Amino acid sequence: MEKTPLSVYIHIPFCVRKCLYCDFPSAPGTPEEIAYYFRVLQKEIRSFEALGSLRSVSTVFFGGGTPSLVDPKYIGQVMDLLRALYPFDKEVEITLEANPGTVTKKSLAAYKSMGINRLSFGLQSVNDGELKLLGRIHTYEDFLRSYELAREAGFGNINVDLMSALPRQTMEKWKKSLETVANLEPEHISAYSLIIEEGTPFAEAYGTRQGRIYLPGEETERAMYHWTKEFLEGRGYHRYEISNYAKADRECRHNLVYWTGGEYIGFGQSAASYVDGRRFQNPADREEYPQYARTAYGNFKKTRPLSLKEREEEYMFLGLRTARGVSREEFKERFGESFPGTYEKKLMDYCSRGFMEKANDRIRLTDKGIDVSNVIMADFLQD
Ligand code: SF4
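Residues 373 to 755 (our numbering) are what the sequence shown spells out, left to right.
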């Protein structure tokens with residue numbers, strides 16, 4: 373019997389220190405805390421052993437936090453355990469998020485020997501002043517050294533994260549960041565606009581009326597976005613999701629699983645899962661997670677599967693994030709029924725107003741639609 377592909381996310385919640393804009397579940401950890409976390413994590417992974425008889429692993433993603441901060445031996449233990457419990461696809465994609473300045477020749481060789489074949493560097497900017505303002509621990513030089521070491525170690529699939537719309541950032545500065553990174557020719561670039569998250573030092577500094585004047589206005593922010601697409605297309609990258617660009621066949625397969633309704637299981641503090649039609653999430657609190665992890669499989673069994681309507685809404689909501697968009701045929705194949713009349717009406721209305729377009733049998737957002745994508749996508753969650 374053919375096994376269902378499963379993607380695995382592993383959350384590593386440790387960082388050197390907190391970046392000033394960050395609201396991810398991450399914090400510094402002592403060596404003892406790190407060792408304890410990995411013991412609990414392995415227990416949680418083991419408790420889902422039963423999934424191994426029906427699933428084969430198609431992608432693995434170590435995210436954080438800063439996975440490259442912990443001793444690679446821990447990453448190796450997780451990889452060994454996963455391989456013992458699940459068959460791996462031949463073409464499995466295994467990504468590790470790394471922060472510039474936290475990898476060495478030795479750690480990169482260790483990752484390679486474990487089968488990790490994709491690295492994702494959180495650079496954010498090539499401007500050291502901007503990096504300092506963000507509270508990042510690295511300089512551009514640190515990144516460059518890490519990137520070169522990764523290439524020397526044989527990594528042929530690298531993503532670089534960049535962030536636009538930073539405080540006091542001009543269009544010129546953003547262009548410089550993107551051009552500098554594109555000149556290095558990574559296989560993938562994620563280019564996100566800064567979001568001011570509640571409860572962060574950035575919210576205090578820039579979330580107020582006085583603070584907002586230091587942020588690029590909406591018009592500049594959108595101009596940065598449109599220039600990014602145009603520039604990267606000229607450099608051989610295609611946009612396959614609102615903020616993600618890849619060279620041919622170098623899309624992040626793991627993230628595509630999230631956006632196309634595939635199954636994934638997340639292990640670790642705050643990790644989210646979608647298995648057997650059930651969505652569930654581990655506690656984000658470091659104290660609460662170990663307690664929960666002990667009975668993780670039992671907790672999963674108690675969750676209720678999403679209703680048909682919820683799954684249909686998700687298909688629309690997530691599908692519209694991607695450059696492929698949504699399709700009537702795919703919808704019917706997946707749910708056994710046609711687009712509900714309300715979806716048809718909305719889609720046709722957005723098409724006639726230029727926010728969406730038809731491409732063969734699919735419907736997707738136009739550039740004008742992407743500018744207001746949050747509003748449009750939410751429209752499909754309100755029926
Ligand atoms: S490195 Fe990433 S996860 Fe860690 S504090 Fe900075 S933004 Fe947050």
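Backbone N, C-alpha and C define an ideal beta-carbon position, used for all residues, glycine too.
Please read these numbers as outputs of a predicted model, since none were measured by experiment.
{"Query": "On the three-pair Cβ rule with 8 Å, is the region 647-655 touching the region 709-718?", "Result": "no"}
{"Query": "Does Leu503 come out as helix, strand or coil in the three-state DSSP assignment?", "Result": "helix"}
{"Query": "So what's Phe672 in DSSP terms, helix, strand or just coil?", "Result": "helix"}
{"Query": "According to DSSP, is Thr431 helix, strand or coil?", "Result": "strand"}
{"Query": "I'd like the list of long-range same chain contacts for Gly726, defined as Cβ closer than 7 Å, with 5 residues on each side in sequence excluded.", "Result": "Thr738, Lys740"}
{"Query": "Run the proximity test for Asn471: is its beta-carbon closer than 7 Å to any non-hydrogen atom belonging to the ligand SF4?", "Result": "yes"}
{"Query": "Is the beta carbon of Arg700 closer than 8 Å to that of Trp631?", "Result": "no"}
{"Query": "Let's test the definition: count the other Cβ atoms within 10 Å of the Cβ of Ile585 and tell me whether it reaches 16, buried, or not, exposed.", "Result": "exposed"}
{"Query": "Which of helix, strand or coil does DSSP assign to Phe689?", "Result": "helix"}
{"Query": "Is it the case that the Cβ atoms of Pro377 and Gly634 are separated by a distance below 8 Å?", "Result": "yes"}
{"Query": "Can you name, in chain order, every residue of its own chain whose Cβ lies under 8 Å from the Cβ of Gly697, other than the five neighbours on each side?", "Result": "Gly691, Met728, Ala731, Arg734, Ile735, Arg736, Leu737"}
{"Query": "Consider the C-beta atom of Phe527 and the heavy atoms of the ligand SF4; say whether any pair is separated by less than 7 Å.", "Result": "no"}
{"Query": "Could you give the distance in angstroms between the alpha-carbon of Arg799 and the alpha-carbon of Val532?", "Result": "Only positions 373 to 755 of the chain appear in this structure, which leaves residue 799 out of reach."}
{"Query": "Can you say whether Glu570 is buried or exposed, counting buried as having 16 or more other CB atoms within 10 angstroms of its CB?", "Result": "exposed"}
{"Query": "Among Ile568, Glu593, Glu591, which residue has its Cα nearest to the Cα of Asn581?", "Result": "It is Arg, not Asn, that sits at residue 581 in the sequence shown. When only C-alpha atoms are compared, the closest one is Ile568."}
{"Query": "So within the region 511-590, which uninterrupted beta strand (DSSP E) runs reach at least 3 residues, ignoring any that extend past its ends?", "Result": "530-536, 560-565"}
{"Query": "Which residues bound the alpha helix (DSSP H) around Lys462?", "Result": "Not the alpha helix (DSSP H): Lys462 falls in the beta strand (DSSP E), residues 460-470."}
{"Query": "So, Asn654 versus Gly640, is the Cβ gap smaller than 8 Å?", "Result": "yes"}
{"Query": "Put Pro377 into one of helix, strand or coil per three-state DSSP.", "Result": "strand"}
{"Query": "So which of Gly435, Ser745, Ser425, Leu491 has the shortest CA-CA distance to Pro459?", "Result": "Ser425"}
{"Query": "In chain order, what residues of the same chain lie with their CB nearer than 6 Å to the CB of Leu719, ignoring the 5 residues before and after it?", "Result": "Ile735"}
{"Query": "So, does the region 448-464 touch the region 477-495, judging by three or more C-beta pairs under 8 Å?", "Result": "yes"}
{"Query": "Ignore the nearest five residues each way along the sequence and tell me which others in Ala470's own chain have a CB closer than 6 Å to its CB.", "Result": "Ser440, Leu491, Phe493"}
{"Query": "What is the residue span of the alpha helix (DSSP H) that Tyr409 lies within?", "Result": "403-419"}
{"Query": "Quick check: the region 378-397 against the region 431-438, are at least 3 beta-carbon pairs closer than 8 Å?", "Result": "yes"}
{"Query": "Go to Glu701, then tell me how far its alpha helix (DSSP H) extends in each direction, as first and last residue.", "Result": "700-707"}
{"Query": "Just to confirm the assignment, what range does the alpha helix (DSSP H) spanning Arg625 have?", "Result": "625-631"}
{"Query": "Have a look at Asp743 and Gly589 and give me their C-alpha separation to the nearest angstrom.", "Result": "14 Å"}
{"Query": "What separation, rounded to the nearest whole angstrom, lies between the Cα atoms of Gly401 and Arg508?", "Result": "17 Å"}
{"Query": "Could you give the distance in angstroms between the alpha-carbon of Tyr664 and the alpha-carbon of Arg622?", "Result": "36 Å"}
{"Query": "Thinking C-alpha only, which one of Phe527, Gly528, Val475 is nearest His510?", "Result": "Val475"}
{"Query": "Does the region 589-604 touch the region 400-418, meaning 3 or more C-beta pairs lie closer than 8 Å?", "Result": "no"}
{"Query": "Using a Cβ-based criterion (distance less than 7 Å to any ligand heavy atom), does Phe396 qualify as near the ligand SF4?", "Result": "yes"}
{"Query": "At a threshold of 7 Å, does Thr438 count as lining the ligand SF4 (C-beta to nearest heavy atom)?", "Result": "yes"}
{"Query": "Can you give the beta carbon distance from Glu613 to Ala695, rounded, assuming they're within the 8 Å contact cut?", "Result": "7 Å"}
{"Query": "So, is Gly529 buried or exposed, given that buried needs 16 or more other C-beta atoms within 10 angstroms?", "Result": "First, the residue type needs correcting, since residue 529 is Asn and not Gly in the sequence shown. The residue is buried, with at least 16 neighbouring Cβ atoms inside 10 Å."}
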